[in-house]
Every structure is written in structure tokens, then in C-alpha cells.
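Asker: Dropping the structure in here first, questions after.
Numbering (the numbering used here), first residue to last: 180 to 272.
As C-alpha cells, this is what we get:
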């Protein structure tokens, strides 16, 4: 983990031990500077990313070609840039 812990006694930064990653679990660690033991709890912040879905509100899907490998699998495959719906479009029809 790249986050650091601040010792509540001496305020020095400490690494989070590699085996301390379970959310809402209480852990103890020793400060690398003052050598006092302190506790900490791991938590993760939930985030959201809102965006418009015109195709879900009466608009049309805006299909873009899907690019990937193997290339043959993605020929004539398209994905809506708004909602992610995928479809195969046969250019011969």
C-alpha cells in the first residue's frame, strides 16, 4: 500500500504493514521512530462517477467500433459510448 500512517504519539509517518488490508479491522503496529505501539483501522472511501445516459431516456445509442485482440473477434462489434451496450452490426445488411 502506498498510504502512510501518522503515529499519534510523535506524528512521524510509518508504512502500513503489508498484511493489514481488511476493511474495518483494528490493527496494531509499532512506530518506527518512537517505538510506541498504536492502533489503526483500515477503511476505503466509496466513490462515484455520474454521467448522462441519453439512450436510456429516449435518445439513440452512439455505437463506436470495439478495438481489441484478437482483431478477428472484434470485427463488426460495436459498443454504445454512453451505456456500454454491445452489438454486432453486419455491414452487408
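All residues carry an ideal CB built from backbone N, CA and C; glycine is no exception.
Let me confirm a value: residue 232 is counted as buried when at least 16 other C-beta atoms fall within 10 Å, else exposed. Which label applies?
Answerer: exposed
Asker: Compute the Euclidean distance between the alpha carbons of residue 185 and residue 227, then round it to the nearest angstrom.
Answerer: 27 Å
Asker: Residue 270 by DSSP, collapsed to three states: which one?
Answerer: The DSSP-derived three-state label of residue 270 is coil.
Asker: Using the three-state DSSP reduction, which class does residue 286 fall into: helix, strand or coil?
Answerer: What the structure shows of the chain is the stretch from 180 to 272, and residue 286 is not part of that stretch, so it cannot be assessed.
Asker: Mark residue 213 as exposed unless 16 or more other C-beta atoms lie within 10 angstroms of its C-beta, in which case mark it buried.
Answerer: exposed
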